[in-house]
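Trainee:
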């Protein structure tokens with residue numbers, strides 16, 4: 182087997198397995214990855230189908246995370262990228278991030294200056310993305326969801 186193909190096979194397996202792993206989150210699209218970086222999420226893997234487009238998006242929409250994002254991003258061929266997500270995002274970037282362990286009791290009792298947004302079993306993941314963007318814009322401390330991820 183060719184080394185590149187084996188590596189891409191491992192990458193595809195990692196993204197598929199992450200969807201069923203409680204400790205990982207699959208981030209689909211530029212905005213999801215951008216906000217994860219802004220919230221301090223540890224990124225395990227970042228892939229892009231178009232490094233120059235990613236550079237342009239980061240420079241124009243999120244210069245504060247341009248450096249870390251571009252440093253982490255690994256280019257992959259389109260045929261590999263298309264297998265990493267059920268509906269690959271138009272922005273051409275996907276990532277795996279460590280999902281933090283959550284102490285629900287601590288979330289409820291810890292005093293904070295900024296609000297914490299809670300979504301109970303959101304039905305549409307696009308809505309979660311919209312809430313995360315709004316929460317980030319409003320300076321929220323974070324977003325917590327329940328249910329399948």
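Numbering (this note's numbering), first residue to last: 182 to 330.
By construction, the Cβ of each residue, glycine as well, lies at the ideal position given by its N, Cα and C atoms.
All figures in this text were calculated on a predicted structure; none of them were measured in a lab.
Can you pull the DSSP bridge partners for residue 226?
Mentor: Reading the chain shown from its first residue, position 45 is the one you call residue 226. In the DSSP output, where bridge partners are listed per residue, residue 226 has 277.
Trainee: State the Cα-Cα distance for the pair residue 247 and residue 236, rounded to the nearest angstrom.
Mentor: As a position in the chain shown, residue 247 is number 66, starting the count at 1. As a position in the chain shown, residue 236 is number 55, starting the count at 1. Their backbone Cα atoms lie some 7 Å apart in a straight line.
Trainee: If you follow the alpha helix (DSSP H) that residue 309 is part of, which residue opens it and which one closes it?
Mentor: As a working note, residue 309 is residue 128 in the chain shown. Unbroken alpha helix (DSSP H) run through residue 309: 306-319.
Trainee: Less than 6 Å between C-beta atoms, sequence neighbours within five positions excluded: which residues of the same chain meet that for residue 194?
Mentor: Sequence index remark: in the chain shown, residue 194 carries index 13 (1-based). So the list is empty, once near-sequence residues are dropped.
Trainee: Quick check on DSSP: helix, strand or coil for residue 194?
Mentor: The residue labelled residue 194 in the question sits at position 13 within the chain shown. In the structure shown, residue 194 sits in a helix (DSSP, three-state: H, G or I).
Trainee: Could you pull the DSSP bridge partners for residue 256 from this structure?
Mentor: Locating residue 256 in the chain shown gives position 75, where the first residue counts as 1. Beta-bridge pairing links residue 256 to 229.
Trainee: Could you have a look at residue 261 and say whether DSSP puts it in helix, strand or coil?
Mentor: Taking the first residue of the chain shown as 1, we reach residue 261 at position 80. Helix at residue 261.
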